[in-house]
Amino acid sequence: MHQLQRLFWLTGVFSVALAAAAQADSLEVSAVSETEGISVEELEPSADPAPATTVEEWMSQMEAPAPPPEAATDLAQALTEITAIRVSETANGLELVLEAAAPLAEPQTSVVGNALTAEIPNAVLNLPEGEVFEQFAPAEGLALVRVTELPDNRVQISITGTEAPPQTQISADAGTLVLSVVPGVATATNADDEAIQVVVTGEEDEGYNPSNASTATRTDTPLRDIPQSIQVVPRQVIEDQQARSLQDVTRNVSGVFQGSSFGNSLNTSIIRGFQTDVFLRDGFRDPTRILRETADLERIEVLKGPASVLYGTLEPGGIINLVTKQPLEDPLYSVDLTVGSFGFVEPSIDLGGSLNESGTLLYRLNALYENGGNFRDFDDQEVERLFIAPSLTWQISDNTDITFNFDYFDDERPYDRGIVAFGNGVADIPSDRILGELDDVAKTESLEAGYLLEHRFSDSWRLRNNFRFNSLDRFDIFTDPQSLDESTGILTRRFGDLERTDEIYSLQTNVVGEFSTGSVEHTLLFGIDLFRETLDLDNRFSENGVPSSINIFDPEYGIVPRPERNELPLNLILDSQTNTLGIYLQDQIELSEQWQLLVGGRFDIVDQESFLDGSFFGESSSSQQQEEAFSPRLGIVYQPIELLSLYASFTQSFVPNSSVDEDGNLLDPERGNQYEVGIKGDFLDGNLSATLAAFNINKTNIAIADPDLPGVSRPIGEQRSRGIEIDLRGEILPGWNIFASYAYTDAEITEDDGSEDEGNRLFGVPEHAASLWTTYEIQAGDLQGLGFGAGVFFVGERQGDTANSFQVPSYTRVDASISYRRDNWRAGINFQNLFDIAYIESIENDRLEVYPGAPFTVLANFSIEF
Numbered sequence: 036m037h038q039l040q041r042l043f044w045l046t047g048v049f050s051v052a053l054a055a056a057a058q059a060d061s062l063e064v065s066a067v068s069e070t071e072g073i074s075v076e077e078l079e080p081s082a083d084p085a086p087a088t089t090v091e092e093w094m095s096q097m098e099a100p101a102p103p104p105e106a107a108t109d110l111a112q113a114l115t116e117i118t119a120i121r122v123s124e125t126a127n128g129l130e131l132v133l134e135a136a137a138p139l140a141e142p143q144t145s146v147v148g149n150a151l152t153a154e155i156p157n158a159v160l161n162l163p164e165g166e167v168f169e170q171f172a173p174a175e176g177l178a179l180v181r182v183t184e185l186p187d188n189r190v191q192i193s194i195t196g197t198e199a200p201p202q203t204q205i206s207a208d209a210g211t212l213v214l215s216v217v218p219g220v221a222t223a224t225n226a227d228d229e230a231i232q233v234v235v236t237g238e239e240d241e242g243y244n245p246s247n248a249s250t251a252t253r254t255d256t257p258l259r260d261i262p263q264s265i266q267v268v269p270r271q272v273i274e275d276q277q278a279r280s281l282q283d284v285t286r287n288v289s290g291v292f293q294g295s296s297f298g299n300s301l302n303t304s305i306i307r308g309f310q311t312d313v314f315l316r317d318g319f320r321d322p323t324r325i326l327r328e329t330a331d332l333e334r335i336e337v338l339k340g341p342a343s344v345l346y347g348t349l350e351p352g353g354i355i356n357l358v359t360k361q362p363l364e365d366p367l368y369s370v371d372l373t374v375g376s377f378g379f380v381e382p383s384i385d386l387g388g389s390l391n392e393s394g395t396l397l398y399r400l401n402a403l404y405e406n407g408g409n410f411r412d413f414d415d416q417e418v419e420r421l422f423i424a425p426s427l428t429w430q431i432s433d434n435t436d437i438t439f440n441f442d443y444f445d446d447e448r449p450y451d452r453g454i455v456a457f458g459n460g461v462a463d464i465p466s467d468r469i470l471g472e473l474d475d476v477a478k479t480e481s482l483e484a485g486y487l488l489e490h491r492f493s494d495s496w497r498l499r500n501n502f503r504f505n506s507l508d509r510f511d512i513f514t515d516p517q518s519l520d521e522s523t524g525i526l527t528r529r530f531g532d533l534e535r536t537d538e539i540y541s542l543q544t545n546v547v548g549e550f551s552t553g554s555v556e557h558t559l560l561f562g563i564d565l566f567r568e569t570l571d572l573d574n575r576f577s578e579n580g581v582p583s584s585i586n587i588f589d590p591e592y593g594i595v596p597r598p599e600r601n602e603l604p605l606n607l608i609l610d611s612q613t614n615t616l617g618i619y620l621q622d623q624i625e626l627s628e629q630w631q632l633l634v635g636g637r638f639d640i641v642d643q644e645s646f647l648d649g650s651f652f653g654e655s656s657s658s659q660q661q662e663e664a665f666s667p668r669l670g671i672v673y674q675p676i677e678l679l680s681l682y683a684s685f686t687q688s689f690v691p692n693s694s695v696d697e698d699g700n701l702l703d704p705e706r707g708n709q710y711e712v713g714i715k716g717d718f719l720d721g722n723l724s725a726t727l728a729a730f731n732i733n734k735t736n737i738a739i740a741d742p743d744l745p746g747v748s749r750p751i752g753e754q755r756s757r758g759i760e761i762d763l764r765g766e767i768l769p770g771w772n773i774f775a776s777y778a779y780t781d782a783e784i785t786e787d788d789g790s791e792d793e794g795n796r797l798f799g800v801p802e803h804a805a806s807l808w809t810t811y812e813i814q815a816g817d818l819q820g821l822g823f824g825a826g827v828f829f830v831g832e833r834q835g836d837t838a839n840s841f842q843v844p845s846y847t848r849v850d851a852s853i854s855y856r857r858d859n860w861r862a863g864i865n866f867q868n869l870f871d872i873a874y875i876e877s878i879e880n881d882r883l884e885v886y887p888g889a890p891f892t893v894l895a896n897f898s899i900e901f
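Residue 36 is where the sequence shown starts when you use my numbering, and the numbers rise one by one after that.
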C-alpha cells in the first residue's frame with residue numbers, strides 16, 4: 036500500500052496549493068478593505084442600479100424602474116420553450132430562426148476566436164431532433180451553427196466562421212427570434228486583435244463524429260487536415276456500448292486488435308499488424324501496460340502509422356492516446372451504477388465544477404469500485420478494483436493556467452493463462468476452464484501524478500510545460516504451462532512468481548506559434564521531451580524436476596502443493612534504466628485554401644543500461660547501449676472542395692530494443708517506415724465522416740521471444756504490413772448514429788535471420804475484419820428518449836504464433852442495447868455476445884496461451900446527474 040501513502044502525500048501537496056490559492060483570493064479582498072477603509076460586507080454588490088454614466092442609461096432608469104422582488108421572481112420562473120429551429124441560406128449569409136411558444140428575451144452576444152455566441156436567458160429546448168441542434172458548413176464562410184441548452188435555464192447559440200467571427204443582426208417578434216448572419220472577413224490584424232482562449236465550462240457533446248484531434252500534431256487540428264488516418268472514439272460511443280476495457284473501445288476502429296495480455300492482466304494492442312506495448316495518456320508515454328479504466332476517459336484517439344516524429348520510440352503500426360476528462364466550470368454531479376453477469380458490480384461517480392466564486396479554481400473527480408465480472412471458473416477468486424482520479428485547474432490569470440492530475444489504481448484479479456492449442460487449432464474444452472491453479476493471482480498498484488501548464492504570450496504564441504510521474508508495483512503468482520502431450524491431454528506446468536517495480540518520469544516543453552509568410556499560413560511547433568524509466572524485475576520458477584501437471588480434459592487442482600516463495604530459485608533478475616532526450620520541430624503549412632503541407636522531424640538520443648542475473652543466464656552480466664535516430668514526417672493534403680480531402684504521407688519510426696540475446700546483450704534497434712495515401716470526406720452537412728486509407732509498412736530487426744530460452748529474444752529480420760482501411764462515423768438522421776469500420780491487412784515476415792518463419796503471417800492479425808455499431812433514439816412523442824443499439828463485430832482467421840503452427844478460427848459477435856433517457860437520468864441494458872458464440876479474443880504467440888472471449892453477458896446501467 037505504499038502507493039496509497041504516496042497518494043496521501045501528494046494529496047497533501049494538492050491541499051496546500053488549493054489553500055494557497057484560496058488565501059490569495061482572501062488576501063486580495065482584505066487588501067482592498069484595508070486600503071479603502073470599508074468592510075468586506077460593503078464590497079457585496081448592491082441591489083440598487085449603478086449610477087448612470089450616459090443620457091441613455093439615465094433615461095432607461097427613469098422610464099423603466101426595477102420590478103419588485105416578487106415580480107422578478109415570477110419572471111425568472113417563466114421559462115420559454117424553443118420548439119423549432121430553421122436555417123436558410125440568404126444572398127449574404129444565412130438566417131437562423133428560433134420559434135417559441137412565447138416571446139424570447141433578447142440574447143447577449145460575445146465573440147471568442149472565430150465564434151459568435153449568444154445566450155438566451157429563461158429558455159429551454161424542446162426540439163423534435165433532440166437536445167442539440169447542429170449544422171456543419173451551412174453557408175459559405177460559416178463552419179458551424181450550434182444551439183444547445185446550458186445549465187440555469189439558458190440556451191446558447193454558437194455560430195463559427197471559417198476565417199473570422201460572423202456578424203449578426205437580431206430581431207424579435209411574437210414567439211420568433213431571427214438572427215441574420217453575415218460571414219466575417221479575415222484581416223491581417225484579426226489574430227492580433229482577438230485573444231483566442233478556450234475555457235471548458237461543461238462537457239462538449241461530440242456525438243459520434245468529433246471534428247478535431249490533438250494526437251497527430253500536438254495541436255488541436257481538424258481531422259480532415261491531417262495527412263494520416265486518425266480515428267476518434269468519443270465518450271458517447273463508450274457509454275452507449277458500456278465499454279469497460281480498452282479492447283472494448285478499440286474494437287470499433289479498423290485494424291486494431293488485442294495483443295498479448297500476459298496472464299489476462301496487462302494490455303497490449305496490435306495496430307496495422309504490429310504489437311505495441313506503449314500507449315499515450317493525455318499525450319504522455321505510458322509503457323506500464325496496466326488495464327486502464329474507461330470511467331475517466333473523454334475519448335480515445337488512434338493514430339495509424341508511425342508517430343515517432345512527435346512521441347519518440349514507438350512501434351510503426353500506430354499509437355493509442357487515452358484522453359482523460361478535465362475540470363469543468365459548470366457544476367456536474369453524476370452517479371452511476373452498473374451490475375451484470377458473473378456477479379459484476381461497479382458504482383462510480385463523476386463530479387466537477389468551480390471551487391470559488393471567481394471561477395479560477397475548477398475541479399474534476401472520477402472514482403469507482405469494481406467487483407466480479409470474470410466468466411472464467413476461478414471459484415471464489417474475483418476481480419476487485421479501486422480507481423480514484425482527482426484533477427484541479429487553477430486559472431492563474433487570463434493568459435496562464437495550470438492543471439494538476441492525480442490517478443490511483445489498485446487492481447487484483449486471477450492470473451489467467453487461458454487455454455491451449457491442440458493440433459492446428461484450439462483445444463475443444465469449455466471456455467471457462469482453468470489450466471493453471473485456482474489461487475493464481477495478479478496484483479497491480481499504480482500511482483500517477485503531474486501537471487499541465489500553459490501560458491499564452493499572445494493570441495498567436497503559447498508555451499506549454501507538462502510533467503507526469505508514474506509508479507507501478509506488480510506482483511504475480513502463477514502456474515506456468517510448459518508442454519502439452521496431445522496423446523494424453525497432460526499439460527506439464529511449473530510454479531512461478533514475478534515481482535516488478537517501474538518508475539517513470541516524463542517532462543514535455545513545447546512552443547506553438549501561428550504566423551504568416553506572405554500569403555502562406557504557418558502553425559509552428561517546437562518541443563523538447565525528457566523521459567526516464569527504471570525497471571526492477573525478479574522472476575522465480577520451481578525446479579524443472581518438480582513439475583505440476585494437469586489433464587486439460589479432466590482437470591484436478593491442488594494435487595501438488597505450491598512451494599513457498601523463498602523455496603523458489605531466483606531465475607531472473609533484471610534491473611534496467613532508459614533515458615531519452617527528444618527534440619522535435621513541426622510546421623503545418625497552409626499554402627492555399629486547397630493545399631496544406633505537414634513537415635516535421637525529431638532527433639532522439641536513447642541511453643539504456645541493464646543488469647541481468649539469475650539461473651537463466653549463468654553468470655551475471657551488464658550492458659549499456661546508446662542509440663541516436665532522426666524520425667521524419669512529410670505529408671500533403673489537397674482539398675478540391677471544403678468537405679473532401681486527398682492526402683499522402685511518409686513517416687518513420689525508431690524503437691531501441693530492450694530485449695536481450697542469450698549472452699545478455701541488448702539487440703540492435705528496430706526501425707520502420709510507412710507510405711500512406713487516403714481520402715477523407717464529410718457528408719450530410721458534416722454530420723457523417725469517412726476515411727479510406729491504403730498503407731505499406733516495413734519494419735526491420737524485430738525481436739521475438741525465444742521459445743526455448745525464457746527471457747531471451749532473437750532478431751528475425753523484416754516484417755511487412757500493407758492493407759486498406761475504411762472508417763465511417765457520425766449521425767445519419769437526427770437520433771440515428773453509426774460507427775463502422777473495415778480492414779484488409781496483409782501482414783507477413785518477409786525476411787528471416789535464423790528460423791523457418793519467412794513467408795509466415797504475423798500472429799494475431801486477421802486478413803479481414805469489420806465492425807458496425809449503430810444506435811437510434813426516438814426524438815419526439817410519448818416515447819422520446821427511448822433508444823436502441825445493435826453491433827456486429829467480425830474478426831477473420833488468425834495465426835496463433837509466428838511459426839503459424841495453429842490457427843484461430845474467425846468469429847462474428849453480435850451485441851445489442853436498449854436504453855431510456857429522461858431529463859437528468861438514463862437507464863440502459865447492454866447484451867454482449869448476444870448469440871453466445873465461442874470465440875478466441877487474443878493470442879500470446881504461444882501454443883500454450885490462448886485467451887477465449889466472454890460468453891453471453893448482460894450489463895444493466897443506471898446513471899443520474901444532479
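For glycine and all other residues, C-beta sits at the position ideal for the given N, C-alpha and C.
Predicted model only: the values in this text are computed from it and were never measured.
(message) Whether or not the region 477-491 and the region 499-512 are in contact is what I'm after, with contact meaning three or more pairs of Cβ atoms, one per stretch, closer than 8 Å; do they touch?
(response) yes
(message) Would Gln631 and Ile624 qualify as a contact pair, given that the criterion is a beta-carbon distance under 8 Å?
(response) Position 596 of the sequence shown, counted from the start, is the residue given in the question as residue 631. Position 589 of the sequence shown, counted from the start, is the residue given in the question as residue 624. Yes; because the gap between Cβ atoms is below 8 Å, this pair is in contact.
(message) Any contact between the region 278-292 and the region 445-455? By contact I mean 3 or more CB pairs, one from each, below 8 Å.
(response) no
(request) Confirm, please, whether the CB-CB distance from Leu139 to Gln115 is below 8 Å. (result) Residue mapping note: residue 115 aligns to position 80 of the sequence shown, counting from 1. Residue mapping note: residue 139 aligns to position 104 of the sequence shown, counting from 1. Here residue 115 is Thr; the residue named in the question, Gln, does not match the sequence. Closer than 8 Å, so yes.
(message) Looking at the secondary structure, which residues open and close the alpha helix (DSSP H) in which Glu274 lies?
(response) Position 239 of the sequence shown, counting from 1, holds the residue named residue 274. Here the alpha helix (DSSP H) through Glu274 covers 270-276.
(message) For Lys339, list the residues DSSP reports as bridge partners.
(response) Position 304 of the sequence shown holds residue 339. DSSP output for Lys339 lists Gly353 as bridge partner(s).
(message) Taking the beta carbon of Ala126 as the centre, do at least 16 other beta carbons fall within 10 Å, making it buried, or is it exposed?
(response) For the purposes of this step, residue 126 is taken as the residue at position 91 of the sequence shown. With fewer than 16 other Cβ atoms within 10 Å, it is exposed.
(message) Pull the bridge partners of Thr569 from the DSSP assignment, please.
(response) The residue labelled residue 569 in the question sits at position 534 within the sequence shown. Answer is Glu538, Gln612, bridged to Thr569.
(request) For the beta strand (DSSP E) containing Thr435, list its first residue and its last residue. (result) Against the sequence shown, residue 435 aligns to sequence position 400. Unbroken beta strand (DSSP E) run through Thr435: 435-449.
(request) Could you say if the region 680-695 and the region 324-343 meet the contact criterion of at least three C-beta pairs nearer than 8 Å? (result) yes
(request) Report yes or no: do the region 698-708 and the region 382-402 share at least 3 C-beta pairs separated by less than 8 Å? (result) The answer is no - the region 382-402 does not touch the region 698-708, with fewer than three Cβ pairs under 8 Å.
(message) For Phe297 and Glu879, I'd like the C-alpha separation in whole angstroms.
(response) Numbered from 1 along the sequence shown, position 262 holds the residue referred to as residue 297. Numbered from 1 along the sequence shown, position 844 holds the residue referred to as residue 879. Their backbone Cα atoms lie some 8 Å apart in a straight line.
(message) Quick check on the burial criterion: 16 or more other C-beta atoms within 10 angstroms. Buried or exposed for Val843?
(response) Your numbering for residue 843 matches position 808 in the sequence shown. The residue is buried, with at least 16 neighbouring Cβ atoms inside 10 Å.
(request) Find out if the Cβ-Cβ distance for the pair Gly352, Ile306 is shorter than 8 Å. (result) One-based indexing of the sequence shown puts residue 352 at position 317. One-based indexing of the sequence shown puts residue 306 at position 271. Contact: yes.
(message) Output needed for Pro245: all residues of its chain with C-beta closer than 6 Å, excluding positions within five of it in sequence on either side, in chain order.
(response) Within the sequence shown, the letter at position 210 stands for residue 245. The answer, listed in chain order, is Val267, Pro269.
(message) Can you tell me where the beta strand (DSSP E) holding Thr916 begins and where it ends?
(response) Here the chain comprises residues numbered 36 to 901, so residue 916 is not present and cannot be evaluated.
(message) According to DSSP, simplified to helix, strand and coil, what is Gln517?
(response) As a first step, residue 517 must be located in the sequence shown, where it is residue number 482. Strand, per DSSP.
(message) For a minimum of 3 consecutive residues, which ranges assigned as the beta strand (DSSP E) are wholly contained in the region 649-708?
(response) Complete beta strand (DSSP E) runs here, min 3: 656-676, 679-690.
(message) If contact is defined by three or more beta carbon pairs under 8 Å, each pair taking one atom from either stretch, is the region 539-554 in contact with the region 493-512?
(response) yes
(request) Would you mind reading off the limits of the alpha helix (DSSP H) that contains Val595? (result) On the sequence shown, residue 595 is found 560 positions in, with the first residue counted as 1. First-last for Val595: undefined, no H or E at that position.
(message) Please classify Glu628 as buried or exposed, where buried requires at least 16 other C-beta atoms within 10 Å of its C-beta.
(response) Numbered from 1 along the sequence shown, position 593 holds the residue referred to as residue 628. Glu628 is exposed by the Cβ-count criterion.
(request) Pick out whichever of Ser295, Asp696, Thr152, Gln204 has its Cα sitting closest to the Cα of Asp743. (result) For the purposes of this step, residue 743 is identified with residue 708 of the sequence shown, where counting begins at 1. For Asp743, the closest alpha carbon among the candidates Ser295, Asp696, Thr152, Gln204 is that of Asp696.
(request) Identify every residue that forms a DSSP beta bridge with Val344. (result) Numbered from 1 along the sequence shown, position 309 holds the residue referred to as residue 344. Bridge partners of Val344: none, in fact.
(message) Measuring only the C-alpha atoms, how far is Thr435 from Leu488?
(response) Against the sequence shown, residue 435 aligns to sequence position 400. Against the sequence shown, residue 488 aligns to sequence position 453. Going by the C-alpha atoms only, they are around 8 Å apart.
(message) Just to confirm my understanding: we take Thr785, look at its own chain, exclude 5 residues before and 5 after, and list those with CB closer than 6 Å. What are they?
(response) Counted from its first residue, the sequence shown places residue 785 at position 750. Taken in chain order, the residues that qualify are Glu753, Arg755.
(message) On the criterion of 16 or more Cβ atoms from any shown chain inside 10 Å, does Val220 qualify as buried, or is it exposed?
(response) Sequence index remark: in the sequence shown, residue 220 carries index 185 (1-based). Label assigned to Val220: exposed.
(message) Suppose contacts are defined by Cβ-Cβ distances below 8 Å. Is Tyr619 in contact with Leu315 by that definition?
(response) Start at 1 with the first residue of the sequence shown, and residue 619 comes out as number 584. Start at 1 with the first residue of the sequence shown, and residue 315 comes out as number 280. For Tyr619 and Leu315, no; Cβs fall outside 8 Å.
(message) So, at 6 Å on beta carbons, what are the nonlocal neighbours of Val546 in its own chain, with the 5 sequence-adjacent residues on each side left out?
(response) As a first step, residue 546 is located in the sequence shown; it is residue number 511 there, counting from the start. Excluding sequence neighbours, Val546 sits near Leu498, Phe561.
(request) Within the same chain, show all residues whose beta-carbon is closer than 6 Å to that of Ala895, passing over the 5 residues directly before and after it, in chain order. (result) Residue numbering aside, residue 895 sits at position 860 when the sequence shown is read from its first letter. Counting only Cβ-Cβ distances below 6 Å, and skipping sequence neighbours, we find Val374, Ile864.
(request) Measure the CB-CB distance between Ala158 and Val190 and report whether it falls below 8 Å. (result) Stepping through the sequence shown from its first residue, residue 158 is reached at position 123. Stepping through the sequence shown from its first residue, residue 190 is reached at position 155. Going by C-beta atoms, Ala158 is nearer than 8 Å to Val190.
(message) Helix, strand or coil for Pro844? Go by DSSP, reduced to three states.
(response) As a working mapping, residue 844 is identified with position 809 in the sequence shown. In the displayed model, Pro844 falls within coil according to three-state DSSP, outside both helix and strand.
(request) Please confirm if the region 712-722 is in contact with the region 667-678, defined as three or more CB-CB distances below 8 Å between the two stretches. (result) yes
(message) Tell me which residue opens and which closes the beta strand (DSSP E) that Thr395 is part of.
(response) Counting from one through the sequence shown, the residue named residue 395 turns up at place 360. Thr395 -> no beta strand (DSSP E), and no H or E assigned at all.
(message) I believe Leu363 touches Gly387 by the beta-carbon criterion, under 8 Å. Please report the beta-carbon distance rounded to the nearest angstrom.
(response) Working through the sequence shown from its first residue, we reach residue 363 at position 328. Working through the sequence shown from its first residue, we reach residue 387 at position 352. Leu363 to Gly387, Cβ: 4 Å. Contact.
(request) Give the straight-line distance between the Cα atoms of Ser854 and Gln819, rounded to the nearest whole angstrom. (result) As a working note, residue 854 is residue 819 in the sequence shown. As a working note, residue 819 is residue 784 in the sequence shown. In a straight line, the C-alpha of Ser854 is about 11 Å away from that of Gln819.
(message) For Pro890 and Gln867, I'd like the C-alpha separation in whole angstroms.
(response) Translated into positions along the sequence shown, residue 890 becomes position 855. Translated into positions along the sequence shown, residue 867 becomes position 832. Rounded to whole angstroms, Pro890 to Gln867 spans 8 Å at the Cα level.
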